[in-house]
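First up is the structure itself, then whatever we jot down about it.
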């Protein structure tokens, strides 16, 4: 099983994070690039702007969001393959900025990567 973790980008970096990959399409508010401690910013694997806006971080729309994001990921094999390559090299921590730790795209992405 792949070692994929998720973490808010505002949480402190840890030595055991492995590759720290920002998976948001937009740069997180208030986060300085110098302090983010990123390995990579993969905005191309983030949900489309349209999907992100339709979801609007509303938990009642999370199941629908998940379905549509899976469809977007299936239609984006290059980005998924790139992430799988990174995962093959060791632990990967997917970083996101959303406040909701139970309903966000990083959770969906991590589950998708583990199962595909």
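Numbering (the working numbering), first residue to last: 26 to 141.
The beta-carbon is built from N, C-alpha and C at its ideal position, and this holds for glycine as well.
Bear in mind the structure is a predicted one, so any value in this text is a computation, not a measurement.
Subject >> Any 3 or more C-beta pairs closer than 8 Å across the segment 82 to 91 and the segment 49 to 62 >> reply: By the criterion of at least three beta-carbon pairs nearer than 8 Å, the segment 82 to 91 is not in contact with the segment 49 to 62.
Original post:
For residue 139, is the classification buried or exposed, using 16 other Cβ atoms within 10 angstroms of its Cβ as the cut-off for buried?
Top reply: Label assigned to residue 139: exposed.
Subject >> Short Cβ contact (8 Å threshold) for residue 120 with residue 48 >> reply: Yes, these two residues count as a Cβ contact at 8 Å.
**OP:** Return the chain-ordered list of same chain residues with a C-beta closer than 6 Å to the C-beta of residue 128, the five sequence neighbours on each side being excluded.
**Re:** So the list reads 84 and 87, once near-sequence residues are dropped.
Subject >> Straight-line gap, residue 53 to residue 122 (C-alpha atoms, nearest Å) >> reply: Roughly 6 Å separates the two Cα atoms.
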